[in-house]
Amino acid sequence: MEPLNALVSLSNFMLIPAFAYGSQLALGALGITLIYSILRFAHFAHGDTMALGTAAVIGGTWFLQARGVGIAPLPTALLALPFGLLVMIAYLLAADRLVYRYYRRVKAKPMIFVMASLGVMFVTNGITRLFMGVGETRFEDGERFIFTVRQFRDVTGLDEGMALRSAQALTITTALIVMVALFWFLNRTRAGKSMRAYSDNEDLALLSGINPERVVVITWVITAILLVLAGTLFGLDKGFRPFNYFQLLLPMFAAAILGGLGSPIGAIVGAYVVAFAEMGITYAWRRVFAYLMPEGMEPDSMMQLLPVDYKFAVTFAILVIVLLFRPTGIFKGKVL
Amino acid sequence: MSLTARDLGLFAGMAAVLGMVAMFQSPQLAVTILNMSLISAIMALGVNMQWGYAGLFNVGIMGFTAVGGLAVVLVAQPPVPEAWAAGGLGILLGLMLGVASILAAVIVYKRMQPGKLRGAAIFGVLVLGYFLTSYVFGPAKEAVQAVNPASEGYLGGAGLPVILAWPVGAVFAAGVAWLVGKVSLGLRSDYLAIATLGISEIVIAALKHERWLARGVNNVTGIERPVTRPIDLQPLPWIQSLAETLGWSVSQTATVVSGLGYSALFLTVLAVLIWLAERALNSPWGRMMRAIRDNEVSARAMGKDVTKRHLNIFILGSAVCGLAGAMMVSMDGQLTPGSYEPLRFTFLIWVMVIVGGSGNNWGSVLGAFVIWFLWVQVEPAGRWFMELVTSGMADGSGLKQHLLDSAAYMRLLTMGVALLLMLRFAPKGLIPER
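Chains as they are written, first to last, in the numbering used here: chain X, 4 to 339; chain S, 108 to 541.
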């Protein structure tokens, strides 16, 4: 039973959290990659808009909770999602109308767009903090666990326990559903096809009668959906702190670049690679090895390759390796 | 040095505003704003070299300033002999082993034929290097951190005069910039942005975590200052008579005089940098840089090595940021890794450069003054605004309290709006490039 115990311990502390984290990153990275391939700039406001969307959901949750509305085993936040979505769609479309559209019209350099997105980031950041402050807000309610460590141990009779938090399960299922829906949308619907055409070759797309402004609007709407979902799931899982969302920027970009900027499937794969690398390298492997090694040879150190504070260093190392050896990413992104 | 009457007028206006702060708020505040503006001006100058001259997008200013700040600790703090005895050698050896294993990996990469074998060899070298390094480094680090942890627990510095730390800070930042630039320049322009974003987070994480280096989150305080501290100025007779003439209290006078001492130092550095930067900008080198910025392809066709030039200017600009970071830490007399926030140290500098006028050195300086002034003053203004908004609400209501508490975040909003408005309606900034 020893290897089984090792596996259970590993799943509990690393595999499940990493899978959930990867799913959250994937939703974020998909948004980055979409904006990149349609609007052709690196969207630096991504993390902070994610925070604002989550803040809207939290606001909705509080409103519902105050009225005693809930969907018992599931978190109330799910019920508040549509509200967050509406807010975020309106916000992003307004940002596009007020800020980005002008630069599209004058065909500004991509760097100017990035600069503008910095401005949007500042504003968004300010708004989020105005509403939520900088501290941590927890808004997870409903059933916290699908099964707890104790239940798992009682059922299986193993020494090690494993818990599955509802936020994690929810994240993983939602992410899978959204990814499938997104691919269906991009490959099967007319709007999705026009988006792909536009990203592939702008001039040809224009020539065949695709309305670029419509494509842009659809892109922002999809991005808003991805952002709100990613942000809410991340917040349910780890609590809401605006700065953490800003810090997600690096892993999300790393994931998008690793997979190949502009490639949706790449963003997903990249996100999971980044998440598992971050968790794997900063995970203390001692317990796992204690089960795997023969009696008397248990490791006495933590077996942790890097302290948790350096999880960004892992992301960064991945980024550096990609930039050095394969700047187009795993799935050959659009442009170098 | 081409400044039009309009530009001079803008600077004079800024000076008048600072004078008004001194009159109506307090002279100490005016001097504090002046000093931070000067430091910000130097950072903005560095960023302007990268963005204005060469079009490089650096989002890691925070990291470079923090590295510069680290230099102050390493140069000016007295060494801790017990810590050196406990694990100094081990730490040095560990660091060298770490560098050696990376170099070994690079050599393997360069010497071996591409293929699976090479990949495996590099991996092997790195893994071996990692374990060797942590075997030597880990215990040494623990030993150093165990030395008198309440007040020391780190190796200390070289015990040299603090002014020396400024150029050293520039060199440190230049080193980090070389690493980042080597990796990410020559690729898409946004890759540099993301790489710098990453490195700055890592620098801060390292500063917080590596307690043997600069005590991490325990902060190094009481660093030697380049200017006499106000408390030591107070007993001096001329300070006391000056206080009498001005009608201020002695402590206030001492603070202002000490602050002005920093201003003089910073102003000298800024003047030298501006002079150098203007000379460079108007030299063949500067024209080449701008040619590269405006049209990379044709510059390349003219035989210019664009990537190399980009690397040069990236290192130069980052070094200037590192210098400013060192100056800031030596003014504060403490290194507090927890206080480095990207919004404050990276993105605010960007707002300065854009508002001031990218490509123009004087513009960056003016932008730094204007934006830093706003940054300091918007907070009270925001509080006043919030009080106005909430004046109709019932006292003690949760919303009112919340809004009042949140007034501090108004300034982020204001800065963002300022950046967006400038970018949209006056993209050339207050003092345009010419």
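Here a beta-carbon is modelled for each residue, glycine too, at the ideal position from N, C-alpha and C.
Going by C-alpha distance, which of the options is nearest residue i?
{"i": "P185(S)", "options": "D339(S), G440(S), G264(S), Y160(S)", "result": "G264(S)"}
{"i": "T227(X)", "options": "L30(X), A259(X), N8(X), L67(X)", "result": "This sequence places Ala at residue 227(X); Thr is not what is there. The shortest C-alpha separation from A227(X) is found at L30(X)."}
{"i": "T64(X)", "options": "R141(X), M124(X), F16(X)", "result": "R141(X)"}
{"i": "A274(X)", "options": "T36(X), F125(X), L55(X)", "result": "T36(X)"}
{"i": "G262(X)", "options": "I321(X), A287(X), L189(X)", "result": "I321(X)"}
{"i": "A271(S)", "options": "L430(S), F230(S), Q359(S)", "result": "Checking the displayed sequence, the identity of residue 271(S) turns out to be Leu instead of Ala. That would be L430(S), whose Cα lies nearest to the Cα of L271(S)."}
{"i": "N63(S)", "options": "G354(S), N255(S), G201(S)", "result": "What is shown of chain S runs 108 to 541, which leaves residue 63(S) out entirely."}
{"i": "Q441(S)", "options": "L181(S), L380(S), S365(S)", "result": "L181(S)"}
{"i": "K335(X)", "options": "V219(X), P267(X), V311(X), G283(X)", "result": "P267(X)"}
{"i": "A384(S)", "options": "M127(S), G474(S), T335(S), A151(S)", "result": "A151(S)"}
{"i": "A250(S)", "options": "A227(S), I301(S), P188(S)", "result": "P188(S)"}
{"i": "N247(X)", "options": "R147(X), T57(X), A21(X)", "result": "T57(X)"}
{"i": "L528(S)", "options": "G332(X), A69(X), A98(X), T192(X)", "result": "A98(X)"}
{"i": "H211(X)", "options": "M198(X), T222(X), W223(X), L77(X)", "result": "It should be pointed out that residue 211(X) corresponds to Ser in this sequence rather than to His. It is M198(X)."}
{"i": "V174(S)", "options": "M459(S), L125(S), A284(S)", "result": "A284(S)"}
{"i": "I221(X)", "options": "L189(X), D144(X), A208(X), L252(X)", "result": "L189(X)"}
{"i": "V54(S)", "options": "R451(S), I381(S), W479(S), V269(S)", "result": "Residue coverage of chain S in this structure runs from 108 to 541, which leaves residue 54(S) outside it and unanswerable."}
{"i": "F164(S)", "options": "I456(S), R113(S), W345(S), R531(S)", "result": "I456(S)"}
{"i": "T443(S)", "options": "F230(S), G323(S), V215(S)", "result": "G323(S)"}
Within 10 Å of its beta-carbon, does residue i have 16 or more other beta-carbons around it, so buried, or fewer, so exposed?
{"i": "V338(X)", "result": "For V338(X), the pLDDT reaches just 44, beneath the cut-off of 50, and the residue's location in the model is therefore unreliable, although a value from the coordinates is still provided. So V338(X) ends up on the exposed side."}
{"i": "Q27(X)", "result": "buried"}
{"i": "R218(S)", "result": "exposed"}
{"i": "M409(S)", "result": "exposed"}
{"i": "K112(X)", "result": "exposed"}
{"i": "V137(X)", "result": "exposed"}
{"i": "T240(S)", "result": "buried"}
{"i": "S405(S)", "result": "exposed"}
{"i": "R168(X)", "result": "buried"}
{"i": "E142(S)", "result": "Glu is not the amino acid found at residue 142(S); the sequence shown has Asn there. When all chains shown are included, N142(S) counts as buried."}
{"i": "Y242(S)", "result": "exposed"}
{"i": "Q171(X)", "result": "buried"}
{"i": "W288(X)", "result": "buried"}
{"i": "P297(X)", "result": "exposed"}
{"i": "I399(S)", "result": "buried"}
{"i": "K248(S)", "result": "buried"}
{"i": "T191(X)", "result": "First, the residue type needs correcting, since residue 191(X) is Arg and not Thr in the sequence shown. R191(X) should be labelled exposed."}
{"i": "N389(S)", "result": "exposed"}
{"i": "S498(S)", "result": "exposed"}
{"i": "P78(X)", "result": "buried"}
{"i": "K223(S)", "result": "exposed"}
{"i": "T172(S)", "result": "buried"}
{"i": "E259(S)", "result": "buried"}
{"i": "T328(S)", "result": "exposed"}
{"i": "E317(S)", "result": "buried"}
{"i": "R132(X)", "result": "buried"}
{"i": "K415(S)", "result": "exposed"}
{"i": "G120(S)", "result": "exposed"}
{"i": "R217(X)", "result": "exposed"}
Tell me the DSSP bridge mates of residue i?
{"i": "R168(X)", "result": "F148(X)"}
{"i": "F243(X)", "result": "T140(X)"}
{"i": "I478(S)", "result": "Looking at the DSSP assignment, I478(S) forms no beta bridge with any residue, so it has no partner."}
{"i": "G263(S)", "result": "P186(S)"}
{"i": "I74(X)", "result": "L77(X)"}
{"i": "V327(S)", "result": "L442(S)"}
Stretch-stretch touch, CB-based, cutoff 8 Å, three pairs: the segment 289–305 of chain S with the segment 247–259 of chain X: The segment 289–305 of chain S, when compared against the segment 247–259 of chain X, does touch it at the 8 Å Cβ threshold.
Can you list, in chain order, the residues of the segment 313–326 of chain S whose Cβ is nearer than 7 Å to any Cβ on chain X? Going along the segment 313–326 of chain S in chain order, one finds K315, H316 with a Cβ nearer than 7 Å to chain X.
Given a limit of 9 Å on CB to CB distance, which residues of the segment 422–451 of chain S reach chain X? E448, P449, L450
With 8 Å as the C-beta to C-beta threshold (strictly closer), list the residues of the segment 158–170 of chain S near chain X in chain order. G162, F164, V166
If you measure beta-carbon to beta-carbon, which residues of the segment 308–327 of chain X are closer than 8 Å to chain S? L308, P310, D312, Y313, F315, A316, T318, F319, L322, V323, L326, L327
State whether the segment 119–128 of chain X contacts the segment 37–52 of chain X, with contact taken as three or more CB pairs (one from each stretch) at a distance under 8 Å. yes
Near-chain S residues of the segment 90–108 of chain X - C-beta to any C-beta below 7 Å: V102, Y105
Please confirm if the segment 466–476 of chain S is in contact with the segment 144–161 of chain S, defined as three or more CB-CB distances below 8 Å between the two stretches. yes
Could you check whether the segment 96–115 of chain X touches the segment 233–246 of chain X, counting it as contact only if at least three pairs of C-beta atoms, one from each stretch, sit closer than 8 Å? Contact check between the segment 96–115 of chain X and the segment 233–246 of chain X: fewer than three CB pairs, one atom from each, fall below 8 Å, which does not count as touching.
With three or more C-beta pairs closer than 8 Å as the rule, is the segment 238–247 of chain X touching the segment 283–303 of chain S? no
In the segment 236–247 of chain S, which residues sit with their C-beta less than 7 Å from some C-beta in chain X, listed in chain order? none
If contact means a Cβ-Cβ distance below 8 Å, which residues of the segment 175–197 of chain S contact chain X? none
For the segment 153–161 of chain X against the segment 80–91 of chain X, are there 3 or more C-beta pairs whose distance is under 8 Å? no
Meets three-Cβ-pair contact criterion under 8 Å: the segment 423–438 of chain S and the segment 303–318 of chain X: no
With contact counted as at least three CB pairs below 8 Å, one residue from each stretch, are the segment 341–350 of chain S and the segment 471–485 of chain S in contact? No: fewer than three Cβ pairs fall under 8 Å.
Near-chain X residues of the segment 377–403 of chain S - C-beta to any C-beta below 9 Å: Close to chain X, meaning a Cβ-Cβ distance shorter than 9 Å, is no residue of the segment 377–403 of chain S at all.
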